[in-house]
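Read the structure below first, then the notes.
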């Protein structure tokens, strides 16, 4: 069985798995990192959204064999550390707006929101309603309206 | 020892339970009261319908009464309080609202109250069933009584310790203070107040006028866990040996395995530990879920037919039409008639967390972990399956990633039980997303036919005939006895079924429309399709038909939809929410061509609700392009005014209204399953067009009306029917065309290529790194 290594939430990890096992299952089933959720395994619901080298991606759709040893994977568990705080400003905004209901999609929503805001800021602009319309993450509880409000608040502190 | 001060409040009998610290239990008290009971427009009073006198929530609440005393609140040595709630938290906010009730009575911060979910407790009978938006209605009083009893015991213990009269003690924030300034904390008192034997005591509840916590917005108690990824769902629990397990399912609904042709090949695949046939398909256990998916796709199975292989959407419509019950003769008057028929299509009630259960079946016991709305029934079903006594089965209830009615059914638990028994090892059994759409529970389609007669300024009659495919009510009230009743013929076949009962206890016509008559009929039996309750049951469709006809009546009689409703609604409480919503939405404001407002009203769950929706049907909105999405008309603004009697947590209530509204928008505009030759075509969230960000209104306002009662109504489902109705009415006004099929896009060419049914689940993509952002 193939051995893989990459950086996960700031630490180097080693794991054995066939190359084609999707990273989501490596994270959840083999490494016990359960923040990224399974919602479809089809790169559609986005509940597993995490970051690779600072960009949002969906580990359900990446075979672990495609990772390089220097790739840095950040899940919701590692997000606060990227800003050196207990909570990332986007998480604080989530609490301020009391966004979650069941909470299942929220780790993915937060990771998507952070990437979306970074994308806008990198382009030298603020996040817009059109940007928010592009977010594909499903929230079956229907927290969408509060998600939008929280992203705007979080963006002001990023 | 001393007596408590004489007050003119009602006193309640409770219990103190023998234990190491203060444990107090509630006993159910009196019945909670139900709701208290123009121009040329001349409403003719309608006789109250069945649901006006006694509704489903009264029935659900009454069913909990005999066992409501079996819930306990414990005060711990650190001054915190603990409560194991006999319901399931799936996002509706009941752990937060329950903590608020306890905090109110004990006089401690909400943060010091720990609410967990109780394991299945069969002695609770019908009192561990999470459904019908009934949790707060049925537990409001018992939870407070248990907390009040605990507080009273601590005050009595403090009186003894401090040598003063209990009536002279003051308590605040978990600290009891004597007149001379000496204090003791709840933590100091928890053990001292412990009862050595269980006995009955009388308590008083804090009067509504003194509430400090109830009625004030409170954030969710589990929000921090949710945003940090620490909140654990069934799938996240690491039970030793419970490896990932999935099921290879039949190509048509309720098909069964005839033969597995390559079982040894699949057993030898990487990571696979077990493969075996169970009732619903072929179970596969492997080191990772990814390897389960690979194995399922590799299985070669010969299948027996299912229960509906020859049925499709188009074959059902004539059957539904043929089964419609005739209207009565109440409309045979000299009036004008409005006669309209509306079709509502299949709705999936899949939550985002798929069905998941962990089962560890041993020789003489079984342990289950899952998020369950009916855990007592699950325990009984598992025991029956294994030939065990229920006492040999432990069912741990875990928080769920949504429920919407889906977790009333325990199919995933039974599959996990079968697999664990057969494999001789624990399993963590999860449904694939495609399983959820194709083999999951659905709200069946229905045709709702309304005939109304009006004459002069009066509506003289209003009749509704609702005809659907049978709904499965076999979860009963979450325990074995009522579930047996639901399997007894002729369920769903007209006269006697459970469906008839549920219909009569939920459906009402809240207007003075003279003679009112409504009835349901259903085709098939409950077990042909995997049906079930979806948020808001029949009302979610029936109310839309009603409100669209109300708009038609208003127009035909020459009145504004708002003014018409205001005149014909039966009481001022109803008018209150209508006026509040209309005012906040600036009802009647000028709207550009192709856009419009719609208004609607609904009464259920011991409350009243009104909504105003604004919709944009202009071409540049309808045709905006988003990859693999249905865009179409967009609801641009939504105002909801809700009166639930006594709101416990207005913030949670707002969230529930918004969530219901998101269901509503999808169900009117975009979201349905398509049945084709015995299976559904949808297989992912990019096929089943539940509301996404690009469908969300940019403006939503929820008005929580001030308390109108001293008891709370239900919230979880209340936002659905009214928002659906308001959106449908707005659509009709914006396009000058009454929509008659929901969702409105159901008959459009399919905007997606259906996944094959063999293999039953698609493979995960490999190109994720090409779509980073």
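Chains as they are written, first to last, in the numbering used here: chain A, 1 to 158; chain B, 1001 to 1773. Glycine included, each C-beta is placed from N, C-alpha and C at the ideal position. Only a predicted model underlies this, so the values are computations on that prediction, with no experimental measurement involved.
Any C-beta of chain A under 8 Å from that of residue i
i: residue 1012 of chain B; result: no
i: residue 1090 of chain B; result: yes
i: residue 1573 of chain B; result: no
i: residue 1769 of chain B; result: yes
i: residue 1352 of chain B; result: yes
i: residue 1466 of chain B; result: no
i: residue 1018 of chain B; result: no
i: residue 1265 of chain B; result: no
i: residue 1030 of chain B; result: Low local confidence applies: a pLDDT of 32 at residue 1030 of chain B is under 50, so the model's placement there is unreliable, with the coordinate-based value given in what follows. No, because no Cβ of chain A sits closer than 8 Å to the Cβ of residue 1030 of chain B.
i: residue 1396 of chain B; result: no
i: residue 1714 of chain B; result: no
i: residue 1134 of chain B; result: no
i: residue 1700 of chain B; result: yes
i: residue 978 of chain B; result: A question about residue 978 of chain B goes unanswered here, because the residues of chain B that appear run from 1001 up to 1773.
Any chain B beta carbon closer than 8 Å to residue i
i: residue 114 of chain A; result: no
i: residue 154 of chain A; result: no
i: residue 34 of chain A; result: yes
i: residue 12 of chain A; result: no
i: residue 50 of chain A; result: no
i: residue 57 of chain A; result: yes
i: residue 145 of chain A; result: yes
i: residue 3 of chain A; result: no
i: residue 27 of chain A; result: no
i: residue 89 of chain A; result: no
i: residue 69 of chain A; result: no
i: residue 129 of chain A; result: yes
i: residue 42 of chain A; result: yes
i: residue 133 of chain A; result: yes
i: residue 22 of chain A; result: yes
i: residue 16 of chain A; result: no
Identity of the residues DSSP links to residue i by a beta bridge
i: residue 36 of chain A; result: Note: residue 36 of chain A sits in no beta bridge, so no partner.
i: residue 1597 of chain B; result: B:1614
i: residue 1411 of chain B; result: Residue 1411 of chain B is not bridged to any residue.
i: residue 1043 of chain B; result: Residue 1043 of chain B pairs with nothing; no bridge assigned.
i: residue 1643 of chain B; result: B:1608
i: residue 88 of chain A; result: Beta-bridge pairing links residue 88 of chain A to no other residue.
i: residue 1586 of chain B; result: DSSP, once it has assigned bridges, lists no residue as partnering residue 1586 of chain B.
i: residue 1281 of chain B; result: B:1278
i: residue 1195 of chain B; result: B:1018
i: residue 1360 of chain B; result: B:1367
Nearest to residue i (by Cα), restricted to the options the options
i: residue 1014 of chain B; options: B:1201, B:1348, B:1179, B:1407; result: B:1201
i: residue 1742 of chain B; options: B:1540, B:1391, B:1133; result: B:1540
i: residue 1372 of chain B; options: B:1076, B:1090, B:1766, B:1443; result: B:1090
i: residue 1086 of chain B; options: B:1073, B:1078, B:1080; result: B:1073
i: residue 1476 of chain B; options: B:1050, B:1727, B:1059; result: B:1059
i: residue 216 of chain A; options: A:22, A:104, A:136; result: The structure shown does not extend to residue 216 of chain A, since chain A spans only 1 to 158, so no value can be given for it.
i: residue 1218 of chain B; options: B:1326, B:1293, B:1094; result: B:1094
i: residue 1050 of chain B; options: B:1070, B:1510, B:1718, B:1642; result: B:1510
i: residue 1313 of chain B; options: B:1413, B:1746, B:1753; result: B:1746
i: residue 1517 of chain B; options: B:1691, B:1452, B:1188; result: B:1452
i: residue 1152 of chain B; options: B:1071, B:1263, B:1261, B:1026; result: B:1026
i: residue 1239 of chain B; options: B:1370, B:1092, B:1220; result: B:1370
i: residue 1389 of chain B; options: B:1378, B:1399, B:1398; result: B:1378
i: residue 1212 of chain B; options: B:1103, B:1223, B:1241; result: B:1103
Distance cut-off 7 Å: residue i Cβ against heavy atoms of the ligand ATP
i: residue 1629 of chain B; result: As far as ligands go, the structure on display features none, and thus does not contain the ligand ATP.
Does the pairing of the segment 1648-1657 of chain B with the segment 1692-1707 of chain B give three or more beta-carbon distances under 8 Å?
-> Yes: the two stretches touch, three or more of their Cβ pairs being nearer than 8 Å.
Which runs of the beta strand (DSSP E) fall wholly inside the segment 1295-1338 of chain B and span at least 3 residues, in chain order?
-> Entirely contained in the segment 1295-1338 of chain B, the beta strand (DSSP E) runs reaching 3 residues are, in chain order, 1301-1304.
Those runs of the beta strand (DSSP E) which lie wholly inside the segment 1197-1248 of chain B and span at least 3 residues = Annotation note: the segment 1197-1248 of chain B contains the following uninterrupted beta strand (DSSP E) runs of length 3 or greater, listed N- to C-terminal: 1199-1204, 1243-1248.
Do the segment 1306-1326 of chain B and the segment 1519-1535 of chain B make contact, defined as three or more Cβ pairs closer than 8 Å?
-> Short answer: they touch.
Would the segment 1682-1692 of chain B and the segment 1567-1578 of chain B be scored as touching if the rule is three or more Cβ pairs under 8 Å?
-> The count of Cβ pairs closer than 8 Å, one atom from the segment 1682-1692 of chain B and one from the segment 1567-1578 of chain B, stays below three, leaving the stretches out of contact.
Using 8 Å as the Cβ pair cut-off and three pairs as the minimum, do the segment 1124-1134 of chain B and the segment 1233-1241 of chain B touch?
-> No, because fewer than three Cβ pairs between the segment 1124-1134 of chain B and the segment 1233-1241 of chain B fall closer than 8 Å, the two stretches do not touch.
Should the segment 1353-1373 of chain B be called in touch with the segment 1414-1431 of chain B, which here means at least 3 C-beta pairs below 8 Å?
-> Contact between the segment 1353-1373 of chain B and the segment 1414-1431 of chain B is present, with at least three C-beta pairs closer than 8 Å.
Would you list, in sequence order, the uninterrupted beta strand (DSSP E) runs of no fewer than 3 residues that lie entirely inside the segment 1445-1482 of chain B?
-> If only uninterrupted beta strand (DSSP E) runs of at least 3 residues are considered, those enclosed by the segment 1445-1482 of chain B are 1446-1455, 1458-1469.
Meets three-Cβ-pair contact criterion under 8 Å: the segment 1280-1299 of chain B and the segment 1763-1772 of chain B | Cβ pair count under 8 Å is three or more, so yes.
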